[in-house]
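Have a look at the structure below before the remarks.
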Amino acid sequence: GEDVEQSLFLSVREGDSSVINCTYTDSSSTYLYWYKQEPGAGLQLLTYIFSNMDMKQDQRLTVLLNKKDKHLSLRIADTQTGDSAIYFCAESRAGNNRKLIWGLGTSLAVNP
Amino acid sequence: DTEVTQTPKHLVMGMTNKKSLKCEQHMGHRAMYWYKQKAKKPPELMFVYSYEKLSINESVPSRFSPECPNSSLLNLHLHALQPEDSALYLCASSQVFRLAMFNEQFFGPGTRLTVL
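For the record, the sequence lines run as chains A and B. The letter at position 47 of the first sequence is residue 47 when you use the working numbering, and the numbering goes up by one with no holes. Count along the second sequence from 1, then add 112; that gives the number in the working numbering.
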């Protein structure tokens, strides 16, 4: 995860918005992904963004990409207790979409 | 069917044992992956099969031996493991697209392996 960085913990109150941030270093990134992992479970793709886009919205999720600063964020609106999980940012690079470069993950705790 | 299944869910083995992990998908995906994940860490890629041929081996020790007997099945054979190999082993599958294209990997729930 040395090429993709995330803050490790985030705690929010139920109903508030959560913003999880990620920075990456490689300018050849083609796609950036957000995966969610609930305790004891596998990973689930939440959303993704192509590197020439700057925003993508999908129901409660908004992804913002600042390609100049190599900064990606995931906003979860109206956060629920079921959103408590680890969120991994990952990138794929030109010429190899089968190997993802992963961040260390952000553990989101949602308090009632 | 959009599910990747893995068996067993949990496995405890001694350092001299031989065991196998199994993974199955029926989504018609022709790329399959093995990952190792330690607690609170991101998954680490181990192997990738593409059209049933090994295409990526991330310098994994030979005590881990993958096998892809057909397009739906992926095995990981384990022999002479060490306690530090204890981890969650995740299988994933995906379509095989051109290398610059979007590629969603679908993950199984994992096998929790403990090596005593």
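Think of the CB as a built atom: it goes at the ideal place given N, C-alpha and C, for glycine as much as any other residue. The model shown is predicted, which means the values in this text are computed figures rather than measured ones.
Burial state of residue i (16 or more Cβ within 10 Å)
i, result
"Thr106 (chain A)", "buried"
"Leu100 (chain A)", "buried"
"Ser92 (chain A)", "buried"
"Gly103 (chain A)", "buried"
"Ile18 (chain A)", "First, the amino acid is wrong: residue 18 (chain A) is Ser here, not Ile. So Ser18 (chain A) counts as buried."
"Ala90 (chain A)", "buried"
Within-8 Å CB hit, residue i to chain A
i, result
"Asn182 (chain B)", "no"
"Lys153 (chain B)", "yes"
"Leu202 (chain B)", "yes"
"Val124 (chain B)", "no"
"Glu115 (chain B)", "no"
"Ala199 (chain B)", "no"
"Asn129 (chain B)", "no"
"Leu157 (chain B)", "yes"
Nearest-angstrom Cβ-Cβ length linking residue i and residue j, presumed shorter than 8 Å
i, j, result
"Gly126 (chain B)", "Leu228 (chain B)", "5 Å"
"Glu14 (chain A)", "Gln80 (chain A)", "6 Å"
"Tyr87 (chain A)", "Lys56 (chain A)", "Going by Cβ atoms, the distance from Tyr87 (chain A) to Lys56 (chain A) rounds to 16 Å, so no, they are not a contact pair."
Sequence-distant residues of its chain with Cβ nearer than 6 Å to residue i (five each side left out)
i, result
"Phe58 (chain A)", "It should be pointed out that residue 58 (chain A) corresponds to Asp in this sequence rather than to Phe. Closer than 6 Å at Cβ, skipping near neighbours: Thr47."
"Asp197 (chain B)", "Val227"
"Gly1 (chain A)", "The predicted position of Gly1 (chain A) is uncertain, since its pLDDT is 45 and thus under 50; a value taken from the coordinates is nonetheless stated next. So the qualifying residues of the chain are Trp102, Gly103 and Leu104."
Cutoff 7 Å; reference residue i; Cβ partners in own chain excluding five residues on either side
i, result
"Glu136 (chain B)", "Thr117, Ser184 and Leu185"
"Phe219 (chain B)", "Val116, Leu202 and Ala204"
"Arg98 (chain A)", "none"
"Ile76 (chain A)", "Ser17, Ser18, Arg60, Leu61 and Asp83"
8 Å Cβ cutoff, residue i in contact with chain B
i, result
"Leu61 (chain A)", "no"
"Tyr109 (chain A)", "The question names Tyr, yet the displayed sequence has Ala at residue 109 (chain A). It does not; no Cβ of chain B falls within 8 Å."
"Ala77 (chain A)", "no"
"Ala185 (chain A)", "Residue 185 (chain A) is absent from the structure shown; chain A starts at 1 and stops at 112."
Contacts of residue i in chain D (Cβ-Cβ under 8 Å)
i, result
"Ala192 (chain B)", "Absent from the structure is chain D; the protein chains it does hold are A and B."
Sequence-distant residues of the same chain with beta carbon closer than 8 Å to residue i, five excluded per side
i, result
"Ser132 (chain B)", "Asn187, Leu188, His189 and Leu190"
"Leu43 (chain A)", "Tyr35, Lys36, Gln37 and Phe88"
(request) Please specify which runs of the beta strand (DSSP E), each continuous and at least 3 residues long, are wholly inside the region 124-173 of chain B, giving them in chain order. (result) 130-137, 143-149, 156-162 and 165-169
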